Structures are given as structure tokens and as C-alpha cells.
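Structure record follows, encoded as C-alpha cells.
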Amino acid sequence: MSEKLEITGGEAIARMFAAHEVGLMFGMGGFQLLPFYDAARRLKLNHNLINDERCAVFAADAYTKVSGRPGVCDATLGPGATNLVTGLAEAYNAGTAMVALVGDSHRMHSWKNMTQEARQLEVLRPVVKDVLRVEKIERIPELVRRAFAIATSGRPGPVVLDVPEDIAHEVHAFDADAFYSSANYRRAPALRCRPASSDLEQAASMLAGAARPLMLCGGGVHISDAADTVQAFARRFGIPVAHTMSGKGAIACSDPLNAGLFGRYSRIANELIAKSDCLFVVGCKLGEVATRRYDLLPAGTPIIHLDIVAEEFDRTATPALRLWGDVQATLQDLEERIAAQAGAPSAAREDYRAEVSQAMQAWRESVQGKLTAAETPIGMARLMHEINATLPEDGILVADGGFAAHWGGLLFDTKRAGRGFVPDRGFASIGYGIPGAIGAAAAAPGRQVVSLTGDGGCNMSLGELETAVRMGLAFTLIVVNNAASGYIKALQHLMYGSGSYQSSDLAETNYANVARALGCNGIRVEDPADIQAALQTAYACKDRPTILDVVVTRDPAHMLPGVDSRAAKIKPGDRIA
Ligand SMILES: Cc1ncc(C[n+]2csc(CCOP(=O)(O)OP(=O)(O)O)c2C)c(N)n1
Ligand SMILES: [Mg+2]
1 MSEKLEITGG EAIARMFAAH EVGLMFGMGG FQLLPFYDAA RRLKLNHNLI NDERCAVFAA
61 DAYTKVSGRP GVCDATLGPG ATNLVTGLAE AYNAGTAMVA LVGDSHRMHS WKNMTQEARQ
121 LEVLRPVVKD VLRVEKIERI PELVRRAFAI ATSGRPGPVV LDVPEDIAHE VHAFDADAFY
181 SSANYRRAPA LRCRPASSDL EQAASMLAGA ARPLMLCGGG VHISDAADTV QAFARRFGIP
241 VAHTMSGKGA IACSDPLNAG LFGRYSRIAN ELIAKSDCLF VVGCKLGEVA TRRYDLLPAG
301 TPIIHLDIVA EEFDRTATPA LRLWGDVQAT LQDLEERIAA QAGAPSAARE DYRAEVSQAM
361 QAWRESVQGK LTAAETPIGM ARLMHEINAT LPEDGILVAD GGFAAHWGGL LFDTKRAGRG
421 FVPDRGFASI GYGIPGAIGA AAAAPGRQVV SLTGDGGCNM SLGELETAVR MGLAFTLIVV
481 NNAASGYIKA LQHLMYGSGS YQSSDLAETN YANVARALGC NGIRVEDPAD IQAALQTAYA
541 CKDRPTILDV VVTRDPAHML PGVDSRAAKI KPGDRIA
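This is the structure:
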């Protein structure tokens, strides 16, 4: 008979988290989960107080995206639980593996106006992959294992583990050997599946026979940890790679086969899509931004769609062929089949490859003036150019949900394959920049983490700078200071005309001063010639965040990376406003 452990439900949860080798946890306590917190202290788990539960989820989301390990966060019942909603919706839509522990009311008193009580599971249910409620204390090991299994399998996602107060506080004699985990479920993806053999054969012949194939990569490439595979595949067969914001890094942006961002904003990719004779959509849901409101993919061009979720097929485009499988496993199989059918057809595409890298070169030359502009206020293109010039190969750029992500998606250049760009495109909430930087920096000690946020997004999560200081995390937060809810102001400018702005101005704020008051370094940058030195100072700091308050244009006619297709027609030359 196995040894018995007489412990609380809260401690059993903590022991199961330890068994899953969870790294960092973020949360805010309440009475219900106190036994879990006490066990986390005694077991020396890396648990950190966050100031807003939404930010706990954002931090866990970035942690997962950078580390590949499922993020863990927790909240108390009621307002703690409901504060999780926006973050969980992000993780759900983005396919981020995560377990969210949530306290709930004592079952002896539920629905008697218990303090903070709400129908929280009904609120959380639509924004998570699954909700597991613990009704029997002895089932804690089984249900925590189940939570990690669901979170890391198929398309990964967040799972809520709901624990009533009486379960968390009760003591039970557990079998000591109940506290184990399966190695598969400690990382995502837990398992890899492949399309049918006949579908792989057909895909191989379609790709081998195409003169101008083009890969359109989404965030699924990174969820599958498949960037190196995509890059090797593209190089072997001479297939250019365009990407969404989440898919940036599917291939190094510096690679000659990189065609850059496609969709609402694009360098050369949208033109390549128009001329392609076979589009290979890889781990991409083909949503609104990727398809420029569903008008980007030409009706007659055959599409091969590869995704782990079969329900994504035929949602916004009708593929000629559906490949239902994991990106990494499928590309590996496909590589063998194409090679077997056609040898290495990359030589036949020499002209096509040269055309793509020449088009990218021509694009660079056409925007060179913007990239190196000495104007003040500072141009966004110049700022992005300086980030590209200074961030090391293994650096990470986090981007907030506003147009920071669009500018970053369009102009940031990763120097190697992999998730070097971490935007929150699942839900595109503003307020991700600071908690995203916390999660990324905690997941990647020793790597430079830069986060690009608007002033509005910064205001939303400012309290988490205290969290970062307390944790001793070093990252660079660039506040794009335009004293405005800029994206909104720019759209108002486009749609209603100059001067027709409503509720889109922010107060002039010096974020360098704000940062210093919170114990961070703060540097205000008004002259583009000072950006590099400020970035180097920030990179050199190893024990706290450095905030660069970068003063950019207040002119709403010049805020967007291009003309937003929802508000006006895109004209040639509009790519960088
Ligand atoms: C939670 C949330 N509310 C509203 C929006 C709509 N929105 C998109 S961009 C934007 C402007 C945000 O301002 P700021 O963070 O300063 O970025 P800027 O566009 O000025 O660079 C807003 C409000 C959103 N994305 N998320
Ligand atoms: Mg702003």
C-alpha cells in the first residue's frame, strides 16, 4: 500500500502543478485558495502576485508562447474569475495552452448571497476550451492531469479548473503516488497527427506542379513549434513564405524567401497572392485581418489548407485540398513525398525566387526614406528600423493589441525562424504590452525582450510595472506616445474628416517620469537620433524594466501603417502612410 499524504485540496493542486513541472505562475489570492497559496510557499513554487487577473492571463499567454510550457494563472471567485475573461478569450482564440485555477464559493452556502459570488462558470465557459469543476477532493490529481491534457492537445487552449472553497480547505489522505504527470502533457503540442496518405500525395503533386506556389503561414506554425520545419521545407522546394502577424518568424524575415506580412497590411505579399497558382495555407484561420475582410484570396486559385482543427476548413475560403494535421508532422511527411515525386524542384523556380527577393529589395528601397527619416516627432517606421538594427538574433518583440502589432507585423524583421514576435492577435485587446513583456522576459532569461505598446494600452496595464519591478525582470518597454487612442483617431480622420474626433485624445503624459516613480528606468526620446543609444541603455539594464517614452506624431493622417481597408480603398503607395 502506498504511503498516505494528509493534505488540503489546495496543497494537492500545488503538488499536481509541481508534478507538471509548471514554471511561472501569476495570480491574485482570495480566501478560497489560501491553502493553495500556503502550499505554493512551502513547496517553493514560482508563484507571483499580479495586480489584475486579466494581466495574469496575458503574462501566462506570453510565457507559454515563448517557453512552449503551459502557462498557469489563478484567481479568486467572483471578480477575480470575471477579470480573467479577456485574457482567456485571447488564449482561446490564439490556441495557447494554459490552466487557470479559479476559486469558487463554499458548497454549503452557495447561492445564499455569499460575498463575491457569481455564476462565474457561465461567464467563463464560452472563452475556454473546457471547464473542470472539482466536486470530490480525491479527484484532484486526476482532474489536474485532465486539465493539462486538454490544454496541450489538439489545438491547445486554456482550461479552467474550478475549485470550491470547501474542497480547497478540506484535508484528505491522498495516496502519495497519485501525484504524477505524463511527460506528453507538460508541453504543447502534446501529440502530433498527420493527414491521410492520399491527401499528402495530392498535396505533393499540386505543390510540385505549381510554378508560383506561396505559403501563407499563421500562428499555428508556432503552436506546432514548426518554424524550423517550415524554413527547411521552403528552402528545399523554393517556395516563398508570407505570414500573418502571429505567423511572423515562420521563416526568418531576413531569408530571401520571406515575402512578409499579408492581409490588411502588406509589403509585397498581397501582390504575390494575386499572381500565385497554388496557395498553401499553413496553420492559419484565414480570418478578417489575414484576408483583408475576405477579399484577398482570388477565387480561381487552388488552395491547400493545413490545420489541426478540421472545423477551420471552408470557413472563409474553399480549399481544393484539406490537410488535417499537425504542421510540423505534416510538412515532414510532405517533404519526403515531394522529393520522391519530383526530386528537388527548387531549381525550376529560380526565376520566381529571384523575383520575390528583388520585389522585397525594391520595397525596401521605396520605404528607405521612411525607415531612416530624421523627422520629429519620430516616425514609426524609423522606430521600427532602429529596433531591427539593434535587437539581437534571439531577441523577442512583444506587441500590444493596437497598431503596435500592425507596425510590428509589417516592419519588424526576425533574424531567425521561430516565435520572435509575440502579439496578442487572438483577441487583439490593448493592454497586453506590459504583461506580455513580463511573461516573455520570465520565460526567456538572458534574451532581450522589447515590448511595443501604445500609450492607451500602457495606461490599461500600468500597475503591472510594479509586478515587473518586484520580480526583478529586465525588459524594454517602448511606449508609442501619440497622446491618443491613435488607431481610433486615425480611423475617425479617414471616415469623418479632419477634426472630427470623439473620445480619442489622451492627456499628454511623460511615461519616463511615470516609470521612474514606479522604480523602473525611464528615458524620454524625442529625437530619432537618440533612439539607438536609448535602446542600448535599456538592453544593458539587467535588473528592472526600462521604459522608452517615444514621442511620435500627433497627426492622425500619419498614424496608420497604411490605409485601413475597412475605412478607405488601398491605393498604390499607401503601405506606409
Ligand atoms: C480592450 C480594447 N478596447 C478597445 C480596443 C479598440 N482599439 C484598438 S486600437 C485602440 C487604440 C489604442 O490606443 P493606444 O494603445 O494608445 O495605441 P495607438 O493606436 O495610439 O498606438 C483601441 C482603443 C481594443 N483593441 N481593445
Ligand atoms: Mg496612443
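As numbered in full-length UniProt numbering, residues 1 to 577 make up the sequence shown, in order.
Heads up, the beta-carbon is just placed ideally off N, CA and C, and yes, glycines get one too.
These figures come from a predicted structure and were not determined experimentally.
Contiguous alpha helix (DSSP H) assignments of at least 4 residues, all confined to the stretch 171-236
197-209, 220-223
So, is Gln32 buried or exposed, given that buried needs 16 or more other C-beta atoms within 10 angstroms?
Here residue 32 is taken as the residue at index 32 of the sequence shown, counted from 1. Classification for Gln32: buried.
In terms of residues, what are the limits of the beta strand (DSSP E) holding Gly454?
Here residue 454 is taken as the residue at index 454 of the sequence shown, counted from 1. Here the beta strand (DSSP E) through Gly454 covers 449-454.
With respect to 7 Å, is the separation between the Cβ of Val57 and the closest non-hydrogen atom of ligand 1 below this value?
Within the sequence shown, numbered from 1, the residue matching residue 57 stands at position 57. Answer for Val57: no, Cβ out of range of ligand 1.
Are there 16 or more other CB atoms within 10 angstroms of the CB of Trp407, so buried, or fewer, so exposed?
Residue numbering aside, residue 407 sits at position 407 when the sequence shown is read from its first letter. So Trp407 ends up on the buried side.
CB of Val550 to nearest heavy atom of ligand 2: below 7 Å?
Along the sequence shown, one-based indexing puts residue 550 at 550. No - ligand 2 has no heavy atom lying nearer than 7 Å to the Cβ of Val550.
Is the stretch 40-50 touching the stretch 174-190, taking contact as three or more C-beta pairs under 8 Å?
no
Just how far apart, CA to CA, sit Ala389 and Asn83?
Within the sequence shown, the letter at position 389 stands for residue 389. Within the sequence shown, the letter at position 83 stands for residue 83. Rounded to whole angstroms, Ala389 to Asn83 spans 38 Å at the Cα level.
How many angstroms separate the CA atom of Gln231 from the CA atom of Glu117?
Translated into the one-based positions of the sequence shown, residue 231 becomes position 231. Translated into the one-based positions of the sequence shown, residue 117 becomes position 117. Each residue's Cα considered, the two are about 50 Å apart.
Please confirm whether any heavy atom of ligand 1 lies closer than 7 Å to the CB of Asn482.
Here residue 482 refers to the residue found at position 482 of the sequence shown. Asn482 Cβ: within cutoff of ligand 1.
Among the candidates Arg337, Gln341, Leu334, His305, whose CA atom is the shortest distance from the CA of Trp324?
Residue numbering aside, residue 324 sits at position 324 when the sequence shown is read from its first letter. Closest option to Trp324, Cα to Cα, is His305.
Can you tell me where the alpha helix (DSSP H) with Met384 in it begins and where it stops?
Residue 384 sits at position 384 when you count from the first residue of the sequence shown. Counting along the chain, the alpha helix (DSSP H) containing Met384 begins and ends at 380-390.
Beta-carbon spacing of Asp277, Ala211 below 8 Å:
Within the sequence shown, numbered from 1, the residue matching residue 277 stands at position 277. Within the sequence shown, numbered from 1, the residue matching residue 211 stands at position 211. The answer is yes: Cβ separation under 8 Å.
CA nearest to the CA of Gly103, picked from Glu53, Ala91, Ala62, Asn93:
Here residue 103 refers to the residue found at position 103 of the sequence shown. Per the Cα distances, Glu53.
Between the beta-carbon of Asp455 and the beta-carbon of Ala512, is there less than 8 Å?
Position 455 of the sequence shown, counted from the start, is the residue given in the question as residue 455. Position 512 of the sequence shown, counted from the start, is the residue given in the question as residue 512. No.
Are three or more beta carbon pairs between the stretch 359-374 and the stretch 264-271 nearer than 8 Å?
yes
Do Ala474 and Val66 have their beta-carbon atoms positioned less than 8 Å apart in this structure?
On the sequence shown, position 66 is the one that residue 66 refers to. On the sequence shown, position 474 is the one that residue 474 refers to. Their beta carbons are not under 8 Å apart, which means Val66 does not touch Ala474 by this criterion.
With a Cβ-Cβ cutoff of 8 Å, do Pro158 and Tyr63 count as a contact?
What you label residue 158 is simply residue 158 of the sequence shown in a count that begins at 1. What you label residue 63 is simply residue 63 of the sequence shown in a count that begins at 1. No, they are not a contact pair.
Can you say whether Ala299 is buried or exposed, counting buried as having 16 or more other CB atoms within 10 angstroms of its CB?
Taking the sequence shown and counting its residues from 1, the one referred to as residue 299 is at position 299. It is exposed - the Cβ of Ala299 has fewer than 16 other Cβ atoms within 10 Å.
In or out: Ile13 buried (at least 16 other Cβ within 10 Å) or exposed?
Against the sequence shown, residue 13 aligns to sequence position 13. Under this definition Ile13 is a buried residue.
Which listed residue (Ala399, Ser110, Cys73, Asp225) has its alpha carbon closest to that of Asp166
Taking the sequence shown and counting its residues from 1, one reaches residue 166 at position 166. Nearest of Ala399, Ser110, Cys73, Asp225 to Asp166, Cα basis: Ser110.
Nearest-angstrom Cα distance between Glu135 and Leu143?
Translated into the one-based positions of the sequence shown, residue 135 becomes position 135. Translated into the one-based positions of the sequence shown, residue 143 becomes position 143. When rounded, the distance between both Cα atoms is 10 Å.
What whole-angstrom Cβ distance do Arg554 and Cys520 have, given they're in contact under 8 Å?
Residue numbering aside, residue 554 sits at position 554 when the sequence shown is read from its first letter. Residue numbering aside, residue 520 sits at position 520 when the sequence shown is read from its first letter. Not quite, the Cβ-Cβ distance comes to about 25 Å (not below 8 Å), so this is no contact.
Among residues of its own chain, excluding the 5 on either side of Gly95, which ones have a beta-carbon nearer than 8 Å to its beta-carbon?
Residue numbering aside, residue 95 sits at position 95 when the sequence shown is read from its first letter. Cβ neighbours of Gly95 beyond the five flanking positions: Arg155, Pro156, Gly157, Gly219, Gly220, Ile223, Gly426.
DSSP three-state label for Gly103, please.
The residue given as residue 103 occupies position 103 in the sequence shown. DSSP places Gly103 in strand when its eight states are reduced to three.
Out of curiosity, what's the CA-to-CA distance linking Thr376 and Gly263?
Start at 1 with the first residue of the sequence shown, and residue 376 comes out as number 376. Start at 1 with the first residue of the sequence shown, and residue 263 comes out as number 263. Answer to the nearest angstrom: the Cα atoms are 30 Å apart.
Is Asp455 a contact residue of ligand 2, with contact defined as CB to any heavy atom under 7 Å?
The residue you call residue 455 lines up with position 455 of the sequence shown. Result yes, Cβ under 7 Å from ligand 2.
Starting from Trp407, trace the alpha helix (DSSP H) in both directions and tell me its first and last residue.
Taking the first residue of the sequence shown as position 1, residue 407 is located at position 407. Its alpha helix (DSSP H) spans residues 403-411.
Supposed close pair Leu477, Gly433 - CB separation, criterion 8 Å:
Position 477 of the sequence shown, counting from 1, holds the residue named residue 477. Position 433 of the sequence shown, counting from 1, holds the residue named residue 433. Going by Cβ atoms, the distance from Leu477 to Gly433 rounds to 7 Å, so yes, they are a contact pair.
Extent of the continuous beta strand (DSSP E) to which Ala242 belongs:
As a working note, residue 242 is residue 242 in the sequence shown. Counting along the chain, the beta strand (DSSP E) containing Ala242 begins and ends at 241-243.
Can you give, in chain order, each stretch of the alpha helix (DSSP H) that sits fully within the stretch 44-107 and has at least 4 residues?
53-67, 79-83, 85-94
For Ile273, tell me which candidate among Gly395, Arg15, Ala290 has the shortest Cα-Cα distance.
As a working mapping, residue 273 is identified with position 273 in the sequence shown. Nearest of Gly395, Arg15, Ala290 to Ile273, Cα basis: Ala290.
Assign Ile448 to buried or exposed, taking buried as 16 or more other Cβ atoms, counted over all protein chains shown, within 10 Å of its Cβ.
Reading the sequence shown from its first residue, position 448 is the one you call residue 448. It is worth fixing the name first, because residue 448 is Gln in this sequence and not Ile. By the 10 Å Cβ count, Gln448 comes out buried.
Alpha-carbon to alpha-carbon, Ser429 and Gly499
Counting from 1 along the sequence shown, the entry for residue 499 is found at position 499. Counting from 1 along the sequence shown, the entry for residue 429 is found at position 429. Using only the alpha carbons, I get a separation of about 26 Å.
So, for Ser2: in the same chain, excluding its five sequence neighbours on each side, which residues have a beta-carbon less than 7 Å away from its beta-carbon?
As a working note, residue 2 is residue 2 in the sequence shown. Result list for Ser2: Asp175, Ala176, Asp177, in chain order.
Closest residue to Leu462 among Ala100, Ile438, Gly472 (Cα-Cα distance)
As a first step, residue 462 must be located in the sequence shown, where it is residue number 462. Closest by alpha carbon: Ile438.
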